[in-house]
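Visitor: Numbering (our numbering), first residue to last: 1 to 431. Even for Gly, the Cβ is constructed at its ideal location relative to N, Cα and C. As the structure is a computational prediction, the values presented were derived from the model and not from experiment.
#1: Nearest to residue 215 by alpha carbon, out of 175, 409 and 148?
#2: Using three-state DSSP, classify residue 23 as helix, strand or coil.
#3: Would you check if there are 3 or more beta carbon pairs closer than 8 Å linking the region 344 to 363 to the region 318 to 326?
#4: If I'm right that residue 417 touches residue 428 with Cβ under 8 Å, what's the distance once you round it to whole angstroms?
#5: How about residue 353 and residue 409: do their beta carbons lie closer than 8 Å?
#6: Whole-angstrom Cβ separation of residue 283 and residue 235, contact assumed at under 8 Å?
#7: Would you check if there are 3 or more beta carbon pairs closer than 8 Å linking the region 37 to 50 to the region 118 to 134?
#8: Assuming residue 271 is part of the alpha helix (DSSP H), what are its boundary residues?
#9: What are the residues that DSSP puts in a beta bridge with residue 418?
#10: Does residue 396 come out as helix, strand or coil in the three-state DSSP assignment?
#11: Starting from residue 239 and walking both ways along the alpha helix (DSSP H), at which residues does that stretch end?
#12: In terms of residues, what are the limits of the beta strand (DSSP E) holding residue 294?
#13: For residue 99 and residue 77, which I take to be in contact (beta-carbon distance under 8 Å), what is that distance rounded to the nearest angstrom?
#14: Would you identify the three-state DSSP class for residue 50, choosing helix, strand or coil?
#15: With a cut-off of 8 Å on the beta carbons, I'd call residue 5 and residue 40 a contact; round off their distance for me.
#16: Would you call the CB atoms of residue 153 and residue 88 closer than 8 Å?
#17: Short of 7 Å in beta carbon distance, which residues of its chain neighbour residue 258, apart from the five on each side in sequence? Order them along the chain.
#18: Grouping DSSP H, G and I as helix and E and B as strand, with all else coil, what is residue 181?
#19: Based on the DSSP output, what are the partners of residue 136 in its beta bridges?
#20: Tell me which residues share the same chain as residue 37 and place their Cβ nearer than 6 Å to its Cβ, disregarding the 5 neighbours each side in the sequence.
#21: Mind checking whether residue 158 and residue 180 have CB atoms under 8 Å apart?
#22: Hey, residue 343 and residue 294: beta-carbon distance below 8 Å or not?
#23: Could you pull the start and end residues of the beta strand (DSSP E) that residue 386 belongs to?
#24: Quick check for students: name the residue ranges of the beta strand (DSSP E) that lie wholly in the region 62 to 124, counting only runs of 3 or more.
#25: Please identify the residue among 227, 141, 335 and 370 whose C-alpha is closest to the C-alpha of residue 432.
#26: Could you tell me which of 423, 332, 413 and 384 sits nearest to residue 404, measuring between CA atoms?
#27: Tell me the rounded alpha-carbon separation between residue 334 and residue 56.
#28: Helix, strand or coil, according to DSSP, for residue 325 in the structure here?
#29: Check for me: the alpha helix (DSSP H) holding residue 155 runs from which residue to which?
#30: Below 8 Å between beta carbons: does that hold for residue 312 and residue 276?
#31: Confirm, please, whether the CB-CB distance from residue 115 to residue 187 is below 8 Å.
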């Protein structure tokens, strides 16, 4: 019986890969998973190779695992995921202490590579061990990306967009529901491109229609929806759906035509304004999340000021900001870079502006009723549990502190009574 410790880095899409590796290893019956690296016979680091900070974190974790191996040479270090996929030759040369490397296209061989034994189930996608709370699961519907944004290394790492077979996705969703999953997060590098590689129109809409029929799944949350691929039909479907939440994650990345053009995005500011208005008119209670890149090489002070004005005007529900990271192999690499202090100051200002918007948005919900799903105990508020409403995606948005003691995965109708912070709410159950 081998003891295995797992470190999973990066985005939810990478976490799904980790869950599949863990599930395949667990199915052999030959491993026991442990939390401490010191106790492990095998240390698996599933890496991220997207931008510089993520790459640095991945290297740090690999080096930590190697240090443990130095204390006990019998330990095995496994490096998997995007960093290795992107820098195969360099990592093999620079890290000879690593025993096994696994690329993103080799997950089904995890058992063979790690345990040196054959294990090839007929449906490997069903062998998955959920690492989120058991009532939550990410459902990856595609691999790769074909949008070719000039700053993005994903096509270099994971290749062009490839939609998974619809029947396979539905079977996996049913399998997850049978394990107790109640909230599904539909993810891909671009969920709205689902089926487009097969020349299908509104492929995501048809997939959602089938996912809604899966018994046990009560909430379906759409993440990573590319702006110019959001159709009127999809908006109408979300508006009328019983399970697809009134929540959309739409990464706009910027708002001035010049920067959007240099980023290789397939839309301009006018389209962004019209899309937001269209969604909000059709779904008045929609929660909109977005992300923006700060300090892109072509971003002038004027471009930045227009981004600030946009945030103040649109008052999006949730926003994430990222400093531009110059990545070799991307089209934007040759555009140069802005000074780090400029990027830092712009990032700080955007976060300050948006935090005040968060608070104003959240105050509107005080006194209103909302259905919540409980995630677990609230360690920092005695007598409360951590919960979320339709507006809150797990781990990326604010939470709702719900008074009482409820098991994870419980749905509770509650009334919002106040603010715990500018991003978090307080609620009491409705008797």
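Guide: Judging by the given coordinates:
#1: 175
#2: helix
#3: yes
#4: 5 Å
#5: no
#6: 7 Å
#7: no
#8: 269 to 282
#9: 426
#10: coil
#11: 232 to 240
#12: 287 to 294
#13: 5 Å
#14: coil
#15: 4 Å
#16: no
#17: 298 and 303
#18: coil
#19: 183
#20: 5, 43 and 68
#21: no
#22: yes
#23: 384 to 388
#24: 76 to 81 and 100 to 102
#25: The structure shown does not extend to residue 432, since the chain is modelled only from 1 through 431, so no value can be given for it.
#26: 384
#27: 22 Å
#28: coil
#29: 154 to 158
#30: no
#31: no
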